[in-house]
Structure formats: structure tokens, C-alpha cells
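Right, one structure below, let's go through it.
Number of protein chains: 2
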Amino acid sequence: MRKYTSEIGEEDVGKEVTLYGWIHEVRDHGGLVFVILRDREGFIQITLPKKKVDREIFNRAKKVRRESVVMVKGIVKAEPKAPGGYEVIPTAFDVLNEADAPLPLDVAEKVPAELDTRLDHRYLDLRKPKIQAIFRIRHCMLQSVRRFLCEEGFIEVNTPKIVSTATEGGTELFPISYFEKEAFLNQSPQLYKQVLMGAGLEKVFEIGPIFRAEEHNTVRHLNEAISIDIEASFMDHEGVMDVLERLVARIYEDVSVECEKFLSWLDIKLDVPEVPFERLKYDEAIEIAHEGGEDIPWGEDLSTAALKIIAEHMDSHYFIVDWPTESKPFYAMPYDDKPEVCKSFDLMHGWLELASGAQRIHLYDLLVKRIEECGMSPESFGFYLEAFRYGMPPHAGWGLGAERLLMSMLGLKNIREAIMFPRDRHRLVP
Amino acid sequence: MRKYTSEIGEEDVGKEVTLYGWIHEVRDHGGLVFVILRDREGFIQITLPKKKVDREIFNRAKKVRRESVVMVKGIVKAEPKAPGGYEVIPTAFDVLNEADAPLPLDVAEKVPAELDTRLDHRYLDLRKPKIQAIFRIRHCMLQSVRRFLCEEGFIEVNTPKIVSTATEGGTELFPISYFEKEAFLNQSPQLYKQVLMGAGLEKVFEIGPIFRAEEHNTVRHLNEAISIDIEASFMDHEGVMDVLERLVARIYEDVSVECEKFLSWLDIKLDVPEVPFERLKYDEAIEIAHEGGEDIPWGEDLSTAALKIIAEHMDSHYFIVDWPTESKPFYAMPYDDKPEVCKSFDLMHGWLELASGAQRIHLYDLLVKRIEECGMSPESFGFYLEAFRYGMPPHAGWGLGAERLLMSMLGLKNIREAIMFPRDRHRLVP
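Sequence lines, in order, name chains L and P.
My numbering puts the first residue of the first sequence at 1, with every later residue one more than the last.
My numbering puts the first residue of the second sequence at 1001, with every later residue one more than the last.
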């Protein structure tokens, strides 16, 4: 029975265990060889005293190249000086796949590499415990999100990624040839999840890829990303903000508890943010920016410079609410008594936008009017608009960027660190 | 506090409840009006005796059009003749969004519609309890899959859908314009999940969209589908078949227990398949087909006609194993002592293929040889092949079609019933 390195304990002392993994290091002291075996859970020392192990095994271990894949059987011994406190004296040592040398990237991280080089050889980069820890935490984050949303009564759905209609007008779309037709990669499940409110599913979520043909290359944009989306009927913007802040707090809690080891590999201690998060009105936000020397004309989006000033006044997580209607997509619900402002919000972490949402317009006539005011044609929203004519409930929702959430939680400097195989303006491989 | 219709019980009798939903039916008996309110969990009768309810409420309920969205407050009464055993006498009845008439599709299912019409107005089709039940079960199936795979130590990953390399040669790919470059929609995460074995993640899974530009329109093919994929290091084909059959049995168990209500809406009783599933060798399979009058030359794939003959001899679920190497993709591992046969398998339900998998080739030289034998160029597999040179463990995996699994579990006649918004040769909207 195979054991992970992290599973070796007091109860194994004196017993034979089977280990699989990669050769992290070989230290050859002549008559004594130490091999550090690495698997996805950690490291263990394989100790080979020349006089005590089989000659063939000794020679094989002495010569094995770094990052080769091996199967080791051996007897466990307590050894305070070994990493983890145990060592294994091998009775079998099989090289399952020998690695070529030299390696294109140093897994032992003695030589720091540029991000581009690391991404070119991502399979080696991911073997570094600090990098692998990011994706173990990502796994935990995704399970935490689904567990929470299921508990809250949300139904998981999958909406199509090949679509005929742009979500928010025709910009930033990747075109596809779909047989004889022109089609696009969906930039957001927005229209579909709203249609599903018309379908009576009441509360849905989707975790799936979104595609944006944004030309600019920044440390916080990807051209293909994973979006966590919800939509909920009979809820307003306040209702879905409440879901969102409790979700974020829950993720931090779950990751703190379930990923203690991986957080320690990354040297991170998470502070679970307290709910409710502060609600900062857009009008207050531009006032703070103004006082900090950055003027935003009312109605415009907040610049990065403005957001950096605002972030200094706020806790780690906060909402910016009540945005000008003109600054948000056509489907955001304007306030009845003040239609130039809409029931929308952004969830911020410092100056990084994590999520964006709103109560949506559920009234057909108002929606058509808003589409026209935004300079678009209602005809191009055929199937979407139809769903508003035959019993569309009031509803609200948001989209949360999985990579941005992970990036902000772990303090990663570049969003490319939060996704295994990033797609950007220039990177399509691997 | 809002209650779902299904939550109304003995403890609510005499109390006021708040309900949200759609007007399923209005029966007007002059001085007595019955409104059937539908939400995603079921139905409840709203009873309006003219003399006992507010006149405005009475008139509003009498006139409300079917499929309008309403909020109803009222007092619960036990009423054995009402569906579910309870009725509500309203104290408030607000029409939140009035539906237009006539409806493009009958939600009460009195008039059966063609599939194409149903899909054109999918938001209305999905309001039918029998249709919604399919997607509630789909939700349960997806949670069951992830729970099981997490328990088995698999890590959830997301691999890119925009790729530069075809998985299995250049056929059946949708081309994309990716800035200046030519790119494709990925037809399978195969190459990426294998690279992740090289990355030392050991066991990964992904549930995500796959895209196939297959020209033919059948009841069991989609051009965009959800694939459940795993890849596991230090496992062979037998190991991952064991995971797969236990997963399928677990899904049936979980759906049986958690979706009792939705199965009853569909009039389905699930039989949990017994593990292990039978393993039928390819050679035996073509012998059975031959005896049934369908000759398959050794080395060729099994025709639908052959599979239908074979299915008659087998239980609901079975594996066809040990396929000719030439009939499977280049990455399937040939047997050492019989390289014309490979360590691959298909999981079948009757004559429908649900999943396909294999032990993979982990040896660089053999892999290059197989790519060349399949008439492809190793140069076009650059990043994939590199991962095999520096410590690729032995590994195996499979891909399981989510829609096929759901279709076969629920006995759906057309795979388009198993996905909310199908994409096929002709359908790109909604």
C-alpha cells in the first residue's frame, strides 16, 4: 500500500512502506548517500549506508538524476535530524522514468527564474512546493464556494461558451467559425443566467471559463479566466451582497482550516475578514479620491489611481455601491426615485475589483429602453429579451473572478500566478 | 420569511406565510377562485372565496395571466382536496411581473411541443416540473462526482480552452482568432491533464466544457458538452477503471437518496449498478457481434450495429477493454508483450459509450514513435512532449461525458434533453 511522505508517522517505525515520487536531491557522502524524495504532500529522506543496503540499490540511488520518478520500498526509522523526523532505509529502489539533464528549470528553487521562463516550463515550475501550494489552495477555495452555494440553495448550471450574442455590446469578443455561422466565445454567462431566472430556477451558480479579447496586458487581467457567477430571483442587490460577503468570509475560514500546511509552505497567515463589509457609496468614493488629489467626473468609472487612494481609507474588503447608471451595463436596475444611479456594487480587496453585481432590470419595457440608450439594438438580444415578456421575476446577481480572489487572498503579485496555464495577449502555449 | 411551496406543513396551519412563484393555473368558479402557484419546489393552491378575501385581491387573482410572477401572503389551512394537502387564503397578492399572452409554449404541458420549439423557448420549457427535475438531478450528479473525487484525493484543476495544439490531430476543431494568432477551442483536456502528471499533482480532475466540430447531427452528440476528466499518477488502466465504476455507482446512490422528489416527478426508479462492472475484451466483443451477424474487421472501431448486438448480452454497465492499439489515440499504452493491443477501455451503458480511458504512455521515446506512426508530427506537440523528458510518472485516466451519463441514467431519448442550451450543427441560439 502506497503512502504519501506526509503520512509516515510513529506507527510506521520498523515497518516497510512503499513510496512514489520525484528525486528532489541526492547527497553523496561516499559510503553514505541521502536521497530526498518529494511527492505532492512533502519530502522524506531515503538513507543509504553502503554497508547496510543492497549494492545494486546503492549504486542506482547514487547515480539517479534529479527529478527522476522512483518507487521506493523501505523500512521506516525515527531520525530527528531528517526532515519530518523519519528516514527510510530502502529494500527496493526502482527508477520508473529517468529525467534528462540539465533541467530547463530548477525545481529546488536555488536559481530564481523569470515568470515567462517558469510559465514556458510550467510542469516543472508546478513541482515547487510553494507553487503547488497555490493550486492546492485554489482547489480548496473552489470546493468551499460550491459547498456554501449549495447550502444556500443555489443550483449548479452550465451555460454555453459558444454564443451568437455579445453580452455587453460587441467589444472584446473572440470570434469563432461555427460551421457556416459567425459565433463568439462568451465573455460572461450574464444573459444566460438571467434567462434561467425566467426559467424559474430561482437560484443558480456557475463556475466556468469566460473569454475576453482585451488587448492590454496587465498583472490583473487574463484573456481566459474562471468566473464564479450567481443569479438569484426574489433578491435585490443587498441580498446578493450579503451572500457574497458571507461567501468570501467562509472561503477564508475554510482555507485557513483545511490548507494549514499549504499556507505554511507559502508563509501566509490568513485573517478571516469580518462581515458585513463596509458599503462605500460611489459619491463618497469620488469625494475621497478628490481629497487625495484624483478628480473623477461624476458618472465615470474609478481610475486605478483613484482606487489606490480610496483603498487606503478602507478595510481589506469593502463594497463600492450605488454607481452612476451610465457607468454600468444596461441590465443594472436604476433606483426608482433617482434613475441616474443604479443598484449596483463592486466588491473590492484593496484597490483590486474582485466581483461586480447588481439588482437587474426585470421589466421588459425598461430593459428595451436601457439597451437603446446604451446605443445597442434590441433586435440583437432576441432570445434574452423574450424571456422578460412571459414572467421574469425580480432578480440580482454577481460575478466573482476566481483568479482575482485567489490572487488577493494569497497576496500574489501577478494574476498569472493564480492560474496554471495563463492566456494573455502573447501567451497561447503551453 | 419566504417559504417554498414544499416547505408548507402542519406547523404552518393557521399562520401567515409568504410565497413567491408563477401562476400555473387559475380556475374561476365565480364566487370562488383557485390559483395554483408554482415555484421550483412544487405547487400550492391559493383559495379565494369572494366573501372572505379582500375585494382587490380577489379581482387581481381572477384576472392574473398564467405564468405571471406573484408574491402571495396568506393564512395556511389544511385542505385534503388541495394538491399537497394545504391551501392558502391570501391576505396579500402582488403581481410582480405580468406575463404576456398567449405564451409561445405551454408550460402546463397540455399541448406537447416539438423539441426544436421547446429549445427555442427553453426558459418556458424549463419551467415544466419534468424538465426542471432533469437539471436538479444534474446538479446533484455534479456535486456527487466532486465529493467522490475529492474523497479519493483528486485535486480540481482548470485547463485552458483556448489552445494552439489539437489533442488528437487536427480534425474536429473550431478555429478561433486569438489576436494575431490562429488558435482552437480545446476538444479535450487530455494533453494538459497529462502535463499535470508531469507537474507532480498526482491526481487531478476537471469538469469543464469541451468543443468538437463534428459535422454529424445525432441524438447522442453535442458540439459543446461538459466532460468529467481525471488523470492519476502511479495508477494503471485497472486502477482508474476501479475509480470510474465506483464513481458511477456512487452517483446512482446519491441521486436515488437526494433526488427522490425529482425522480418521482419523472416517474423513474433508479437501480444502483453493482460493482465491479463486467470487463468484456474487444476480441470477445467482435466475436459476439459476429455471431449476431455484424462483422467488424479486427482493429476497427465497433459500429453502432455491433454495439447494439453486444449490449443485449451485457448488464446495464460494462467495460470493453483491450482495444487494438490502432483504434485508439496515440497516447494509449500498448501491452509490453502484445503491442498491437493497448491498455484502454470504454465504459458502456447499453450501446452508449459513456467514458473512454487508458493507461497512458509515459515514456518519451515510445510516445514520439506512436505520434509518428499515427501520421502526426512530434514538432506540433512541443510543450506536451517536453513534460515527458524530465520525470513523467506512469499514469492513467479517463473522460466521462456528463450529458451522456445523465441521459443514460434518466433514460432520455435525446442528449439535447440533458443540457440546458444545446449546441449542435444548426443550433447556436439560445
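Note that beta-carbon positions come from the ideal geometry of N, C-alpha and C, so glycine has one too.
Owing to the predicted nature of the structure, the values given are computational and were not obtained by experimental measurement.
Could you give the DSSP three-state label for residue i: helix, strand or coil?
i         : result
L:Ala101  : coil
P:Cys1342 : strand
P:Leu1428 : coil
L:Val368  : helix
L:Met141  : helix
L:Ala213  : coil
P:Met1348 : strand
P:Glu1114 : coil
P:Gln1045 : strand
P:Ile1036 : strand
L:Gly153  : coil
L:Val13   : strand
L:His290  : helix
L:Ile23   : strand
L:Val53   : coil
P:Arg1147 : helix
P:Leu1354 : strand
L:Gln359  : strand
P:Val1240 : helix
P:Ala1061 : helix
Who are residue i's beta bridge partners in DSSP?
i         : result
P:Ile1206 : Sequence check: residue 1206 of chain P is Glu here, not Ile. Per DSSP, P:Asp1229.
L:Thr18   : L:Arg2, L:Lys73
P:Val1248 : In DSSP, P:Val1248 forms no bridge with anything.
L:His395  : L:Ser233
L:Tyr335  : L:Lys338
L:Glu182  : L:Ser177
L:Glu87   : L:Gln45, L:Lys77
L:Val275  : L:Val275 pairs with nothing; no bridge assigned.
P:Tyr1318 : P:Glu1278, P:Met1348
L:Asp28   : L:Val33
L:Ala285  : According to DSSP, which records beta bridges pairwise, L:Ala285 is partnered with nothing at all.
L:Glu224  : L:Phe211
L:Gly401  : L:Ser227
P:Pro1324 : P:Val1341
Below 8 angstroms on the Cβ atoms is my guess for residue i versus residue j; work out the distance and round it to an integer in Å.
i         : j         : result
L:Phe205  : L:Phe154  : 4 angstroms
P:Arg1122 : P:Met1420 : 7 angstroms
L:Lys281  : L:Pro209  : Incorrect: roughly 33 angstroms between the Cβ atoms, too far for contact.
P:Ile1044 : P:Thr1005 : 4 angstroms
L:Ile251  : L:Val240  : In fact, because the Cβ distance is near 16 angstroms, the residues do not count as touching under 8 angstroms.
L:Pro129  : P:Asn1097 : 54 angstroms between Cβ atoms; not a contact.
L:Leu400  : L:Ala355  : 4 angstroms
P:Phe1093 : P:Arg1147 : Their Cβ separation, rounded to whole angstroms, is 42 angstroms, which puts P:Phe1093 and P:Arg1147 out of contact at 8 angstroms.
L:Leu149  : L:Leu124  : About 35 angstroms separates the two Cβ atoms, so there is no contact after all.
P:Leu1444 : P:Leu1019 : With chain P running from 1001 to 1430 in the structure shown, residue 1444 of chain P is simply not present.
Spatial neighbours of residue i within its chain, please: CB distance less than 6 angstroms, with the 5 preceding and 5 following residues excluded, ordered by chain position.
i         : result
P:Gly1292 : Ile1309
P:Lys1203 : Gly1153, Phe1154, Ala1232
L:Ile286  : Ile296
L:Gly42   : Thr5, Ser6
L:Ser68   : Ile23, Val95, Glu98, Ala99
L:Arg425  : Asn217
Near residue i, what residues of its chain come up, given a Cβ to Cβ distance below 8 angstroms and the 5 sequence neighbours on each side ignored?
i         : result
P:Glu1373 : Phe1330
P:Leu1142 : Ile1207, Ala1402
L:Glu109  : Lys128, Lys130
L:Leu406  : Ile134, Ile137, Arg138, Met141, Leu412, Ala418
L:Ala82   : Ile44, Gln45, Thr47
Spatial neighbours of residue i within its chain, please: CB distance less than 7 angstroms, with the 5 preceding and 5 following residues excluded, ordered by chain position.
i         : result
P:Thr1325 : Ala1332, Pro1334, Pro1339, Glu1340, Val1341, Cys1342
P:Gly1030 : none
L:Trp265  : Pro129, Lys130, Ala133
L:Leu307  : Trp351
L:Val272  : Ala249, Tyr252, Glu253, Ser256
What I want to know is whether the C-beta of residue i ends up closer than 6 angstroms to one or more non-hydrogen atoms of the ligand SAM.
i        : result
L:Arg127 : Looking for the ligand SAM in the displayed structure turns up nothing, as the structure carries no ligands at all.
Query raised in the report: Any residues in the region 1148 to 1179 of chain P with a beta carbon nearer than 8 angstroms to a beta carbon of chain L? Which ones, in chain order?
Result: Listed by position along the chain: Cys1150, Ile1155, Glu1156, Val1157, Asn1158, Thr1159, Pro1160, Lys1161, Ile1162, Val1163, Ser1164, Thr1165, Phe1174, Pro1175, Ile1176, Ser1177, Tyr1178, Phe1179.
**Report entry** the region 1066 to 1081 of chain P: positions lying closer than 9 angstroms to chain L by Cβ
**Finding:** Against chain L - using a Cβ distance shorter than 9 angstroms - the residues of the region 1066 to 1081 of chain P are Arg1066, Glu1067, Ser1068, Val1069, Met1071.
Query raised in the report: Using Cβ-Cβ distances below 7 angstroms, what residues of the region 1387 to 1418 of chain P are close to chain L?
Result: For the region 1387 to 1418 of chain P, which is checked against every Cβ of chain L, the residues closer than 7 angstroms are Ala1387, Arg1389, Tyr1390, Gly1391, Met1392, Pro1393, Pro1394.
Query raised in the report: Using Cβ-Cβ distances below 9 angstroms, what residues of the region 1295 to 1318 of chain P are close to chain L?
Result: Residues of the region 1295 to 1318 of chain P whose Cβ lies closer than 9 angstroms to any Cβ of chain L: none.
Query - Positions along the region 1178 to 1194 of chain P whose CB lies within less than 8 angstroms of some CB in chain L - result: Here the close residues are Tyr1178, Phe1179, Lys1181, Ala1183, Leu1185, Tyr1192.
**Report entry** Contacting positions in the region 1360 to 1377 of chain P - beta carbon closer than 9 angstroms to chain L
**Finding:** Going along the region 1360 to 1377 of chain P in chain order, one finds His1362, Leu1363, Tyr1364 with a Cβ nearer than 9 angstroms to chain L.
Query raised in the report: Can you list, in chain order, the residues of the region 1199 to 1210 of chain P whose Cβ is nearer than 8 angstroms to any Cβ on chain L?
Result: Per Cβ criterion, the list reads Ala1199, Gly1200, Leu1201, Glu1202, Gly1208, Pro1209.
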